[in-house]
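To start, the structure itself, in structure tokens.
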Amino acid sequence: MAVDLIIHASSIITMDPNNPRAQAVAVDSSEGTIAAVGTLADVQAAHPGVSVTDLGDTVLLPGLIDPHNHPALSGLSTQLPAHWIAPYVGFPTYADVTAQFQKLNEETPAGVPLLFNGLDRILHGAPELTNADLDVFFPDRPVVVLDNSGHEAYFNTANIKALGWVDNKPPADPVGSSFGRNEDGTSNGRAYEIGAQLIAGAPVLSALAQHPLKPVAEWYKLMASNGITATSEHTYQSNQLKAYIAMAMAADNPLRISLYHMSFEADCDQPIHTPIPENKLKKQGIKLWADGSPWVGTIAASFPYLDNETTRAANIKIGPGGEGEMNYTRAQLDQILDKLTPGGYQMAFHCNGDVGMDVVLDAYEHALSKHNLMGTDHRWRIEHMGACRADQFERAARMGVGLSMSPFQFIYWGDKLDGEMFPSEIGSQWQAVGDAFRSGAVVSFHNDGAVSPPIPLLNWQATTTRQVPSGNVHGANQAISLDDAIKAHTVNAAHMLGRDNEIGSIEVGKLADFAELSSDPYKADLHKLTEQVKVLGTWVGGKKIDLDAFMAQVEAMDPTEHKDLPQQVHSSKKCC
Ligand SMILES: [Zn+2]
Ligand SMILES: [Zn+2]
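Residue numbers (my numbering): 35 to 610.
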């Protein structure tokens with residue numbers, strides 16, 4: 035042990051119930067661990083002669099954790115050379131989107147292809163585009179626009195020409211996906227689902243291959259600048275490992291990564307071999323899918339959507355979806371869990387609807403009992419749970435199943451969910467985080483990669499007030515305390531990643547990962563938390579992260595062995 039640094043802050047919120055507040059923390063930089071936590075006098079007395087870094091008014095928290103993300107895909111679909119046009123990143127209306135189309139067409143050198151991501155049929159009220167619609171804005175260069183749902187892509191005539199399709203006619207539909215066609219068989223500029231999207235997107239994907247690690251690094255930077263020091267890759271496939279190792283090699287790498295391998299990859303139950311310490315890069319679990327997305331009507335729910343202009347304009351299936359929207363039958367789920375459980379990995383099931391939740395809980399109960407894991411510290415978890423109920427959360431709690439929730443669903447879609455997509459008694463309760471905490475289960479929050487920007491402080495603001503950015507409040511009965519909201523991005527999120535021995539609180543022996551805040555969130559007006567409290571920086575393993583240095587380190591890496599990454603990550607199944 036060589037303690038070489040004492041950090042002094044105006045206050046340290048430790049998230050350790052035995053020692054909730056402190057002023058100073060001693061760090062062993064060679065180990066990257068915390069050696070002492072307490073008053074400045076106590077910490078200095080324990081480690082005399084060690085120099086003190088005084089952070090002034092800064093308030094220190096454990097490094098924040100987003101325990102369900104998709105950094106590679108998110109970087110490659112939202113960061114330059116891609117362009118993010120989602121409603122909540124500065125383009126609230128379809129008119130804002132088309133203004134951005136015009137601006138970028140003028141600013142971008144002739145012939146350079148453009149990729150956009152985040153056109154939202156519900157929130158933008160955007161039309162289902164055709165090549166003719168896009169030709170108005172982009173007469174010459176290949177352009178592809180990805181729908182926010184991930185299920186559809188739109189492209190212009192220049193893109194069709196670049197593809198070299200004979201007579202502008204798409205090839206035969208790939209398995210599980212399709213091309214949109216006019217009556218004469220020519221392309222209408224639409225591709226549905228991954229297989230067809232990849233073929234149609236080839237001209238713009240090649241632009242991403244110039245230096246594929248750079249946009250991924252931009253996503254890391256975005257997460258770090260929001261206080262995050264640890265996250266997951268929840269659509270991991272083996273061909274991404276090279277990229278994650280490269281990122282971890284950067285001296286200023288700001289994120290610890292936990293990998294969740296997609297269950298349909300043949301090697302998903304195999305360990306990974308890397309030169310990186312597990313506290314930086316670790317294979318943690320298996321990602322499975324129960325149902326689909328609330329934004330296209332593919333959730334396994336017991337109730338229908340409202341049949342009206344909002345839902346029709348977005349092509350939402352009215353339902354109720356019921357078990358018909360499950361990706362697997364119960365028998366298939368039993369088979370998958372039976373095969374994968376002996377490997378000891380944590381299971382993580384994507385599930386939004388209440389019917390899906392019952393099936394997942396039944397399958398979990400069966401597998402946990404059969405493999406003698408009931409009552410053990412198995413950490414199995416469920417993701418999102420937009421429409422799940424208190425009794426289901428209570429059942430999960432009894433089984434030791436963690437609730438990995440998605441507050442962004444009600445933050446960004448709440449005004450539509452509550453009264454337009456569903457009757458208020460259902461829509462206002464979407465993401466019932468209050469019920470989730472009351473159940474006694476471990477509850478964490480995530481932003482799910484490019485589905486929404488990674489902003490833990492906004493999740494705190496919105497879950498403590500149930501107020502969304504428009505000012506409306508949805509389901510005030512589901513509001514939680516600031517303590518619980520912070521736990522959901524610290525100790526509970528560390529538990530969800532199986533890293534609670536390493537991170538999540540500021541305690542002796544844990545890794546020295548910190549988020550610097552401009553002021554104390556407990557002294558803020560919770561309705562204005564994101565205005566009043568700013569993230570100033572992060573520390574990982576006792577090192578203050580320099581994000582400019584990180585970007586330079588990644589830029590200096592040889593991109594040639596990562597050329598296939600864009601194609602690989604865009605071919606992966608979308609989460610939500
Ligand atoms: Zn996801
Ligand atoms: Zn998901």
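Think of the CB as a built atom: it goes at the ideal place given N, C-alpha and C, for glycine as much as any other residue.
Item, Value
"Which partner residues does Ala70 have in the DSSP bridge list?", "Ala60"
"Who are the Cβ neighbours of Gln25 in its own chain at under 7 Å, not counting the five residues just before and after it?", "Residue 25 lies beyond the range of the chain shown here (35 to 610); nothing can be said about it."
"Would you tell me roughly how many angstroms separate the C-alpha atoms of Val569 and Gln369, rounded to the nearest one?", "45 Å"
"Can you find the residues in the same chain that come closer than 7 Å, C-beta to C-beta, to Ala258, ignoring five residues on each side of it along the sequence?", "Pro288, Leu289, Thr572, Ile579 and Leu581"
"Does ligand 2 have a heavy atom nearer than 7 Å to the CB of His104?", "no"
"Which term fits Asn222, buried or exposed, when burial requires 16 or more other beta carbons within 10 angstroms of its beta carbon?", "buried"
"Under 8 Å: do the stretch 260 to 277 and the stretch 290 to 301 share three or more Cβ pairs, one atom per stretch?", "yes"
"Sort Val59, Val603, Asp598 and Ala513 by Cα distance to Leu560 and report the nearest one.", "Ala513"
"Secondary structure at Val574, three-state DSSP: helix, strand or coil?", "strand"
"Take Lys608 and list the residues in its own chain whose beta-carbon comes closer than 6 Å to its own, dropping the five residues that flank it on each side.", "Gly184"
"Using the rule of at least 16 other Cβ atoms within 10 Å of the residue's Cβ for burial, across every protein chain shown, is Arg413 buried or exposed?", "buried"
"Where does the unbroken beta strand (DSSP E) through Asp88 begin, and where does it stop?", "Val86 to Asp88"
"Taking the beta strand (DSSP E) that Trp118 belongs to, which residues open and close that run?", "Ala116 to Trp118"
"For Gln304, count the other beta carbons within 10 Å of its own beta carbon; 16 or more makes it buried, fewer makes it exposed. Which is it?", "exposed"
"Here's the rule: buried if 16 or more other CB atoms are within 10 angstroms of the residue's CB, otherwise exposed. What is Pro600?", "buried"
"Kindly list the residues whose CB is nearer than 6 Å to the CB of Leu451, restricted to its own chain and excluding five residues on each side of it in sequence; keep chain order.", "Gly461 and Trp464"
"Among the candidates Phe337, Glu140 and Pro176, whose CA atom is the shortest distance from the CA of Pro147?", "Pro176"
"Which same chain residues, not among the five before or five after Val476, have their C-beta less than 8 Å away from its C-beta?", "Gly436, Leu437, Asn526, His529 and Met530"
"Taking only heavy atoms of ligand 1 into account, decide whether any of them is closer than 7 Å to the Cβ of Gly483.", "yes"
"Under 8 Å, with one C-beta from each stretch per pair, do the stretch 346 to 356 and the stretch 297 to 313 reach the 3-pair mark?", "no"
"Thinking just about the alpha-carbon of each residue, which of Lys557, Val37, His42 and Gly532 is nearest to the one in Ile320?", "Gly532"
"May I ask you to list the residues that DSSP assigns as paired with Val507?", "Gln501"
"Between the stretch 232 to 251 and the stretch 589 to 605, can you find at least three pairs of beta-carbon atoms closer than 8 Å?", "yes"
"Which first and last residues belong to the beta strand (DSSP E) in which Gln244 is found?", "It is not in any beta strand (DSSP E) - Gln244 carries neither H nor E in the DSSP assignment."
"Whose C-beta lies closer than 7 Å to the C-beta of Phe427 among residues of the same chain, with five residues either side of it excluded?", "Leu437, Asp469, Ala470, Ser473 and Ala475"
"Quickly, what does DSSP pair Arg423 with across the bridge? List them, please.", "Answer is none; Arg423 lacks a bridge partner."
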